[in-house]
Amino acid sequence: MLRNHQDRRCVLWVILYFVLTGLAWRLDWVLSVVVLCYFSFAGACITHNSMHLRTFYGETEEVLWRYALSLTYGHPVSTFVPGHNLSHHRHTQSRMDPMRTTKVRYKWNWVNLVMFQPSVAWDVFVMDVRYMALKKHCGDSYFWSCAQEWLVVGLTQLILACLNVRKFAVYVYVPHLFAQWAIVSMNLLQHDGCETDDEKAINGSRNFTGWWLNWLTFNNGYHTIHHMNPTLHWSKLPKAHEYLVKGKIHPNLEQECMTTYAYRAFVCPGKRVDYLGEAVKLGPVEKDEDWTVLHAPDGVKLEEYDVGVIELVKAVAMMPIKILCPTYSPIFKID
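Under this note's numbering, the first residue of the sequence shown is numbered 52, with each subsequent residue one higher.
This is the structure:
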């Protein structure tokens with residue numbers, strides 16, 4: 052049973068993803084990939100919300116739901132926890148946030164948008180591996196949940212690729228790749244040029260309040276209130292934004308239309324400015340700082356579970372699997 056009746060639309064969207072993917076595969080209409088890209092991205096938005104607040108009361112239903120989300124997004128969704136919840140939310144824009152926007156420093160701002168996801172992917176990959184190694188070291192059941200989700204995703208995509216590699220690439224791989232790029236790129240839109248002193252600072256996130264965008268993305272445009280209360284159900288974000296954020300936040304961080312903002316920020320004039328309209332000041336390039344040790348039991352040191360360069364190189368040897376699942380992060384420590 053659903054914990055919130057508003058999630059019925061989430062379930063419907065996931066069902067539509069599978070139905071539309073099946074129809075596209077059968078009819079082989081290449082233009083349908085545009086629709087599939089949206090529904091896969093919607094799956095990423097639903098995943099984001101679901102990994103902050105569970106969707107079902109029953110444990111079995113919740114596990115099956117996460118399997119379904121993993122297939123819509125092309126990603127073992129439990130790895131969203133280290134990649135987003137424990138790093139980005141708790142250490143926003145700091146060295147412990149492997150997705151901080153200061154990592155892209157291209158002259159043209161549109162290149163920063165295009166290259167942001169590829170630029171942070173490896174660092175997120177490293178932290179994912181390290182966190183999963185910690186969970187395996189501690190015998191945590193969360194590790195096995197990730198393993199089961201990966202098995203579902205990996206086997207499903209392998210079977211589809213064997214059935215028809217071209218259709219798999221067009222109707223499954225490309226939408227999943229777009230979904231990963233889009234959900235990560237929203238981080239640049241929502242945080243670049245904002246305050247960084249406090250993860251819950253009122254001016255720490257940019258919001259997009261347009262009705263259509265938030266209907267299509269399950270209210271992912273309301274970002275400040277989401278950072279203030281990450282476990283607040285997505286359907287309650289607009290009202291919470293109205294009461295707790297609007298009127299307190301700088302007006303430049305309340306943008307009605309994401310498309311209009313993106314055009315100004317990345318096309319014309321395309322200048323990288325902060326929320327006050329001044330050029331974004333980038334400090335020296337800094338290496339990521341480990342945050343996983345903060346979640347280790349007392350007495351467990353980073354050296355006991357860390358994944359070194361050799362292990363990561365071995366992980367790179369698993370790139371054929373990565374090709375089948377573009378957002379895959381290995382969940383086993385490579386021995």
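Positions of the beta carbon are idealized from the N, C-alpha and C atoms, including for glycine.
{"Query": "Runs of alpha helix (DSSP H) lying entirely within the segment 127 to 205, each at least 4 residues, in chain order", "Result": "160 to 188"}
{"Query": "Three-state secondary structure assigned by DSSP to E305", "Result": "strand"}
{"Query": "Alpha-carbon to alpha-carbon, I210 and E307", "Result": "43 Å"}
{"Query": "Close-in-space but distant-in-sequence residues of the same chain around N303 (CB under 6 Å, 5 per side omitted)", "Result": "Y326"}
{"Query": "Exposure of N100, with buried meaning 16 or more beta-carbon neighbours within 10 Å", "Result": "buried"}
{"Query": "Residues that DSSP places opposite V324 in a beta bridge", "Result": "A330"}
{"Query": "9 Å Cβ cutoff met for T106 and T123", "Result": "no"}
{"Query": "Stretch-stretch touch, CB-based, cutoff 8 Å, three pairs: the segment 315 to 334 with the segment 241 to 258", "Result": "yes"}
{"Query": "C-alpha gap between L175 and K299, whole angstroms", "Result": "A small fix is needed here, since residue 175 is Val in this sequence, not Leu. The straight-line gap from Cα to Cα measures roughly 33 Å."}
{"Query": "Limits of the unbroken alpha helix (DSSP H) element including A119", "Result": "E110 to Y124"}
{"Query": "Beta bridge counterpart(s) of N258 as assigned by DSSP", "Result": "E305"}
{"Query": "Beta-carbon gap between M52 and E112 smaller than 9 Å", "Result": "yes"}
{"Query": "Close beta carbons around V318, own chain, < 8 Å, minus the five adjacent residues each side", "Result": "W161"}
{"Query": "Chain-order list of residues whose beta-carbon lies under 6 Å from that of H301 (same chain, five-residue window excluded)", "Result": "N254 and Y326"}
{"Query": "Counted within 10 angstroms of its Cβ, other Cβ atoms place A368 as buried (16 or more) or exposed", "Result": "Reliability of the predicted coordinates at A368 is poor, the pLDDT of 49 falling under 50, and no value is obtained from them."}
{"Query": "Separation of P289 from Y68, as counted between CA atoms", "Result": "26 Å"}
{"Query": "Spatially closest choice to W342 from K158, D179, V171 and R54, by CA coordinates", "Result": "D179"}
{"Query": "Minimum C-alpha distance to Q57 - residue among W173, V114, V86 and W266", "Result": "W266"}
{"Query": "Proximity below 9 Å, CB of V204 to CB of S121", "Result": "yes"}
{"Query": "Whole-angstrom C-beta distance between W64 and A95, which should lie under 8 Å", "Result": "Not really, about 11 Å apart at Cβ, beyond 8 Å."}
{"Query": "Under 9 Å between C-beta atoms of T143 and L333", "Result": "no"}
{"Query": "Segment contact, 8 Å Cβ cut-off, at least three pairs: the segment 348 to 360 with the segment 179 to 188", "Result": "yes"}
{"Query": "Contacting residues, own chain, Cβ-Cβ under 6 Å from C88 (five flanking each side not counted)", "Result": "P226 and F229"}
{"Query": "Residues near K158 in its chain [Cβ-Cβ closer than 7 Å; skip 5 each side]", "Result": "none"}
{"Query": "Neighbourhood of T282 by C-beta distance below 7 Å, restricted to the same chain and skipping five residues each side", "Result": "H103 and L104"}
{"Query": "I300, enclosing alpha helix (DSSP H) - first and last residue", "Result": "That residue, I300, is in no alpha helix (DSSP H); it is neither H nor E in DSSP."}
{"Query": "Integer-rounded CB distance, given that L295 should sit under 8 Å from I276", "Result": "6 Å"}
{"Query": "Exposed unless 16 or more other CB atoms sit within 10 angstroms - verdict on W201", "Result": "buried"}
{"Query": "Residue(s) in a DSSP beta bridge with L53", "Result": "F107"}
{"Query": "9 Å Cβ cutoff met for K163 and V155", "Result": "One point to set straight first is that residue 163 is Asn, not Lys, in the sequence displayed. Yes. Within cutoff."}
{"Query": "Which listed residue (S91, K218 and A212) has its alpha carbon closest to that of T268", "Result": "S91"}
{"Query": "Cβ neighbour criterion (16 or more within 10 Å) applied to A330", "Result": "exposed"}
{"Query": "Spatially closest choice to V223 from R59, V85 and V62, by CA coordinates", "Result": "V85"}
{"Query": "First and last residue of the uninterrupted alpha helix (DSSP H) at P289", "Result": "L288 to L295"}
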